[in-house]
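Below is one structure; the comments refer to it alone.
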Amino acid sequence: MNTLNTSFEWTNRRLFFSPQRDASLDWMDAFAQGPCVLERDTYLRIYFSCRPKPIDGRYVSHSGYVDVAKEDFSILRVSERPILELGARGTFDEFGVYPFSAIEVGDEVHAYYGGWTRTVSVPFNVNIGKAISRDGGRTFERVGPGPILSYTLDEPFILSGPKIRRFHDTWVLFYIAGREWIMDGERPEPVYKIRLATSKDGVTWVKAGRDLIESVLPNEAQASPDVFYEEGRYHMFFCYRDATDYRKNPERTYRIGYASSPDFLHWTRDDDVMKFSRTESGFDDEMVAYPHTFTLNGKRYLLYLGNEVGREGFGIAERKEGAR
Amino acid sequence: MKWKKLGHIFDPAPYGFFGEYSSFAQSPQALVFEDFVRIYFSTREPDGDMFKSHVRYVDMTRDFDIIDVSTDEIIPLGKRGTFDEHGIFPFHVTRTRDGLYGYTSGWSRRDSVAVETGIGLSVSRDEGETFERLGDGPVLSASIEEPFLVGDPFVVTREQYYMYYIYGTTWKEGPDGVQERTYKIALATSEDGQTFKRHGRIVSDTIADESQALPTVFEADGRYHMIFCFRDTFGFRTDPLRGYRLGYAYSENLLDWTRDDAALGFERSSDGWDADMECYPHVFEWGGRHYLLYNGNEFGRHGFGVAILEDV
Chain A
1 MNTLNTSFEW
11 TNRRLFFSPQ
21 RDASLDWMDA
31 FAQGPCVLER
41 DTYLRIYFSC
51 RPKPIDGRYV
61 SHSGYVDVAK
71 EDFSILRVSE
81 RPILELGARG
91 TFDEFGVYPF
101 SAIEVGDEVH
111 AYYGGWTRTV
121 SVPFNVNIGK
131 AISRDGGRTF
141 ERVGPGPILS
151 YTLDEPFILS
161 GPKIRRFHDT
171 WVLFYIAGRE
181 WIMDGERPEP
191 VYKIRLATSK
201 DGVTWVKAGR
211 DLIESVLPNE
221 AQASPDVFYE
231 EGRYHMFFCY
241 RDATDYRKNP
251 ERTYRIGYAS
261 SPDFLHWTRD
271 DDVMKFSRTE
281 SGFDDEMVAY
291 PHTFTLNGKR
301 YLLYLGNEVG
311 REGFGIAERK
321 EGAR
Chain B
1001 MKWKKLGHIF
1011 DPAPYGFFGE
1021 YSSFAQSPQA
1031 LVFEDFVRIY
1041 FSTREPDGDM
1051 FKSHVRYVDM
1061 TRDFDIIDVS
1071 TDEIIPLGKR
1081 GTFDEHGIFP
1091 FHVTRTRDGL
1101 YGYTSGWSRR
1111 DSVAVETGIG
1121 LSVSRDEGET
1131 FERLGDGPVL
1141 SASIEEPFLV
1151 GDPFVVTREQ
1161 YYMYYIYGTT
1171 WKEGPDGVQE
1181 RTYKIALATS
1191 EDGQTFKRHG
1201 RIVSDTIADE
1211 SQALPTVFEA
1221 DGRYHMIFCF
1231 RDTFGFRTDP
1241 LRGYRLGYAY
1251 SENLLDWTRD
1261 DAALGFERSS
1271 DGWDADMECY
1281 PHVFEWGGRH
1291 YLLYNGNEFG
1301 RHGFGVAILE
1311 DV
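One line per chain: the protein sequences are A and B, in this order.
Just so we're aligned: 265 in this note's numbering is position 265 of the first sequence, and the numbers increase by one with no gaps anywhere.
If you want this note's numbering, it's the position in the second sequence, counting the first as 1, plus 1000.
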């Protein structure tokens, strides 16, 4: 059932930024994951996370940006170096900074990011860190060596995928929290759910302590809660997948879902509102994942990842005129 | 202060906790009943070339004669990927207004360093025979200024909960290439024993790169007393001068602490099971007397002993 008299239909979809095609940096060998737009005067700065070639089969993730002109989305420049160094030995973000969500706060840019560590019984754990830029979003310094959100009784591991928003006087951090590791043959795969925390000052966070989005699959994993306000209500694009056999199987891998809310706390899921699925052939013919939406000159755009969760880069689509 | 050593009271060797292997009874912690005391400890299960620590207990008489030793699981280790899946050590049991709580120091293995830890919470509804965790995650773990190795909880319940614990400050590579950790004692307070407000460090250092561990707090003679153990960051496993010894601090209000190791009055033994190391202290009150449980050489490989407070 469609609870809204609207739908989100998209056109002119294409691969937008690809490390392999558009950059030649060792630390940006492949992947452009978790795109996040920060609007500047004449251009858009799009943060994303990428990887150098793996060592002994294992990756680290760095975060960087690409600046594109507002008028024609042409690429102006790519960050020369990672915008935040990896964490010190033994810290939560020693092996990756991914994904990266930035917001302007006065003269500063504040970023919330997933920090990756390597574990033994399962491949990794993630926690959410915070970093601040005082040079317009070119480089960042972490606010401390540890994470800003702690694991708790009902959020035991994998706090990741932060998306920072400010609605009225409240900071809202949407994120995912791990629930369970499920064995797919020999390989442990994580199940995680979309949650939120709120803050008055961006320093002290209060967790809501519940799942925001009802699951539709058994052991469904949810990610990339991308929330915006439009026409009197809050909208969330997110992605979801089955727990196992999801990496290449189009029937079980990431799809994009939708939910709406009157208050950003209570959500009604209605995936049919979001009209966006994989293509017949191309970089996104297996999956569409990790949505991020923004508007420019009154027009809404969708950034997203394709196959292998953004190995070739991220794509863009435009909202169809007159579709609402 | 003056402590009189009553000797070595528990050796894990005869009990076959893990078949052939029966070593380590670490961090003894007491739960006092009317006519016996239940002393929880962590013992090690071999796991490849590593170990997993599990909680067991021994019930003892007032003369510290053994009544019974637990053989069943008191609290299982955590699920795959959780903070306490590779061990629980120490295990701190305390009666609170909210129930008989068991705070855990949970261990999980890491790749670039050996471990990470967090503090979990479990509750017993059978007088301490078994404990059930309140959730798969911890109640206290890494934060912005306390980046890793949150552990060693000890809780004092007054008008609120006061949790004394440790957190890691650095991992540093030693002369032998091993990554070694440094940690410090800190305080957090809580209204419900589950959600904590942090207050930061509370015990000053006396040596460079000092690691402080396992605070235990008690009230005597109108003042609060804390005993803990401390060591150098490097060389502490084999060099008695760098290894764990006991430290001491006092406080009037449970918040502000003054360190004064010389006032502890606990002399190192010249030979025997605790001559090279003293660690993991735990003080409890029973029948108007204060007792100090502690581990000796090799971090408690051969069990623990007890001392009695003779003069505050």
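Glycine included, every Cβ here is placed at the ideal spot set by N, Cα and C.
Asked, Found
"Closest by C-alpha distance to B:Asp1176, when choosing among B:Phe1299, B:Thr1238, B:Pro1012", "B:Thr1238"
"Pair within 7 angstroms by beta-carbon distance, A:Pro82 and A:Gly64", "yes"
"Start-to-end residues for the beta strand (DSSP E) that takes in B:Phe1234", "Segment: none, B:Phe1234 is in no beta strand (DSSP E) and carries neither H nor E."
"C-alpha distance - B:Ser1053 paired with B:Phe1091, whole-angstrom precision", "10 angstroms"
"Coarse secondary structure for A:Val105, derived from DSSP in three states", "strand"
"Residues that A:Arg210 contacts on chain B, provided the C-beta gap is smaller than 9 angstroms", "Within 9 angstroms Cβ-Cβ: nothing; A:Arg210 doesn't reach chain B, min ~13 angstroms."
"Beta-carbon contacts of A:Leu296 that lie in its chain and below 8 angstroms, excluding the five residues immediately before and after", "Glu39, Leu44, Lys70"
"Coil, strand or helix - A:Pro273 by DSSP", "The sequence given here places Val at residue 273 of chain A; Pro does not occur at that position. Here A:Val273 sits in helix by DSSP."
"Residue ranges of each beta strand (DSSP E) within the stretch 1165 to 1223 of chain B, 3 or longer", "1179 to 1190, 1196 to 1201, 1211 to 1220"
"Separation of A:Leu303 from B:Asp1126, as counted between CA atoms", "55 angstroms"
"C-beta atoms of B:Ala1142 and A:Gly232 nearer than 7 angstroms", "no"
"Assigned exposure category for A:Lys53 - 16 Cβ within 10 Å defines buried", "exposed"
"Cutoff 6 angstroms; reference B:Glu1298; Cβ partners in own chain excluding five residues on either side", "none"
"Inter-residue Cα distance where the pair is A:Leu86 and B:Phe1236", "30 angstroms"
"Proximity of B:Phe1284 and B:Ala1030 at Cβ, strictly below 7 angstroms", "yes"
"Contiguous beta strand (DSSP E) assignments of at least 3 residues, all confined to the stretch 1085 to 1109 of chain B", "1088 to 1096, 1099 to 1109"
"Beta carbon proximity, B:Ala1186 to chain A, threshold 7 angstroms", "no"
"Sequence-distant residues of its chain with Cβ nearer than 7 angstroms to A:Leu159 (five each side left out)", "Val126, Asn127, Ile128, Leu149, Tyr151, Tyr175, Ala177"
"Buried or exposed (CB count within 10 angstroms, at least 16 for buried), B:Arg1095", "exposed"
"Alpha-carbon to alpha-carbon, B:Phe1228 and B:Met1277", "13 angstroms"
"Assigned secondary structure, A:Tyr254 (DSSP; H/G/I helix, E/B strand, else coil)", "coil"
"In DSSP terms, what A:Ala30 is bridged to", "A:Arg51"
"Interface partners of A:Pro188 on chain B, CB under 9 angstroms", "Arg1080, Gly1081"
"A:Val143 and A:Phe95 closer than 7 angstroms at C-beta", "no"
"Bounding residues of the beta strand (DSSP E) (the contiguous stretch that carries B:Gly1243)", "It is not in any beta strand (DSSP E) - B:Gly1243 carries neither H nor E in the DSSP assignment."
"Length at least 4, wholly inside the stretch 222 to 249 of chain A: the alpha helix (DSSP H) runs in chain order", "none"
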